[in-house]
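Working notes, beginning with the structure itself.
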Amino acid sequence: MAEQHLIARYFSHHRSGANVNIGIGDDAAIVTPPKNSKLVVTTDTLNEGTHFHVDCNPEHLGHKALAVSLSDLAAMGAVPLWSTINLSIPKTEHAWLEKFTRGFFALANRHAIKVIGGDLVKGPLSIATQTIGYLNSAKVLARSNAEVGDLIYVSGSIGDAALGLKLHGRVHDLGMSSSDHDYFASRFNKPEPRVTLGMEIVEFAGAAIDVSDGLLIDLQRILTMSAVGAIINIERIPLSQPMRRRFKTLPDWPMPLTGGEDYELIFTADRKRTDKIHNVSSKNNCPITVIGKIVKDAGIQLLKDGNPFALPDTLGFDHFG
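Residue numbers (my numbering): 327 to 647.
This is the structure we're talking about:
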């Protein structure tokens with residue numbers, strides 16, 4: 327089937343929409359940004375064997391391809407608007423394309439995003455997305471905005487996706503129940519970006535980043551940009567109930583500290599904002615936990631039950647590390 331027919335069959339149903347003058351089907355898209363807004367643009371690439379398994383469910387992969395970019399917008403406090411997708415596939419497999427686009431567009435529709443273009447080529451399996459949002463706020467959740475005395479917060483739970491990756495292909499692991507196994511797999515395969523949360527904390531939070539490469543390495547990126555340090559109480563790091571059940575038999579602190587792919591938000595805020603953060607947490611039915619504070623001295627200090635706790639040898643995933 328020719329490229330244009332594939333585009334028409336699987337992608338063109340997002341051809342038009344709010345603020346889209348010309349969408350899929352032309353050489354480039356033409357869009358109209360909301361009045362008095364600032365555009366926020368991010369890109370992400372997923373490569374087979376590095377970011378997803380060869381036997382990954384295509385529907386999950388479609389979801390994740392967009393979710394990782396949405397998570398970047400969430401970490402800036404932006405409202406998502408449009409996305410483009412560049413898809414390299416080794417051959418035409420209609421069943422695969424049907425499932426992949428189903429996952430991608432389901433998430434796009436949930437967040438009222440219009441897919442306005444991209445590229446479809448033959449080659450090794452690779453997916454690149456560009457997602458564009460906007461800010462009406464005068465503030466932005468920049469990594470450079472952390473200040474000494476701020477509290478450090480994290481949304482949701484940490485470490486689940488890293489365990490989901492570790493368990494891939496293993497039906498049973500140390501007596502883990504099938505429901506817990508499926509939970510960890512889902513957290514890795516179908517992360518939920520904290521889009522609404524980012525949009526609601528932008529007015530009062532300082533710095534933010536999403537947990538894509540690991541809690542410690544991503545936190546360090548905030549600290550470096552803000553020229554500050556952090557004290558983290560690891561017993562405060564939020565663990566899901568399935569992870570707590572696992573920790574009873576096999577405590578493994580490096581996993582929540584350094585495992586990535588959770589796509590939760592780490593952010594800082596003045597301790598005077600505690601009530602606002604509690605309200606946002608309740609409104610979104612999303613736990614938000616204080617795990618530490620920003621300090622003047624550079625680097626990360628870990629404490630466990632008030633005592634120093636050694637940093638892991640590596641802080642998280644680095645493509646070139």
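Every residue, glycine too, gets a C-beta built ideally from N, C-alpha and C. Here the structure is a predicted model, which is why all the values come from computation and not from measurement.
Could you give the distance in angstroms between the alpha-carbon of Trp422 and the alpha-carbon of Pro384?
Your numbering for residue 422 matches position 96 in the sequence shown. Your numbering for residue 384 matches position 58 in the sequence shown. If you take the alpha carbons of Trp422 and Pro384, they lie about 6 Å apart.
My understanding is that Leu491 touches Ala404, with C-beta atoms under 8 Å, so please give their C-beta distance in whole angstroms.
Translated into the one-based positions of the sequence shown, residue 491 becomes position 165. Translated into the one-based positions of the sequence shown, residue 404 becomes position 78. With a Cβ gap of about 28 Å, Leu491 and Ala404 do not count as contacting.
Cβ neighbours of Phe573 in the same chain (closer than 7 Å, five flanking residues each side left out):
In the sequence shown, residue 573 corresponds to position 247, counting from 1. Leu565, listed in sequence order.
May I ask you to verify whether the region 510-517 touches the region 592-611, counting CB pairs closer than 8 Å and requiring at least 3?
no
Length of the line joining the Cα atoms of Ile617 and Leu493:
Counted from its first residue, the sequence shown places residue 617 at position 291. Counted from its first residue, the sequence shown places residue 493 at position 167. Roughly 27 Å separates the two Cα atoms.
Have a look at the DSSP bridge pairing and note the partners of Leu477.
To locate residue 477, count along the sequence shown from 1; it is residue 151. Beta-bridge pairing links Leu477 to Ala595, Lys619.
If you compare alpha carbons, which of Ser503, Phe593, Ile484 is closest to Val466?
Numbered from 1 along the sequence shown, position 140 holds the residue referred to as residue 466. When each option's Cα is compared against that of Val466, the closest is Phe593.
Residue range of the unbroken beta strand (DSSP E) whose run includes Asn412
The sequence position of residue 412 within the sequence shown is 86, counting from 1. Note, Asn412: beta strand (DSSP E), 405-415.
Identity of the residue in Gly351, Thr550, Ser538 nearest Val480 by Cα
Mapped onto the sequence shown, residue 480 falls at position 154. Nearest of Gly351, Thr550, Ser538 to Val480, Cα basis: Ser538.
Give the secondary structure of Val521 by DSSP, where H, G and I count as helix, E and B as strand, and everything else as coil.
Counted from its first residue, the sequence shown places residue 521 at position 195. In the structure shown, Val521 sits in a helix (DSSP, three-state: H, G or I).
Reduced DSSP category for Leu493 - H, G, I as helix; E, B as strand; rest coil:
Position 167 of the sequence shown holds residue 493. The answer is coil: DSSP assigns Leu493 none of H, G, I, E or B.
Please confirm whether any heavy atom of the ligand ADP lies closer than 7 Å to the CB of Leu392.
The ligand ADP is not part of the structure shown, which contains no ligands of any sort.
Just list the alpha helix (DSSP H) runs in the region 368-454, keeping only unbroken ones of 4 residues or longer that don't cross its boundaries, in chain order.
384-400, 420-436
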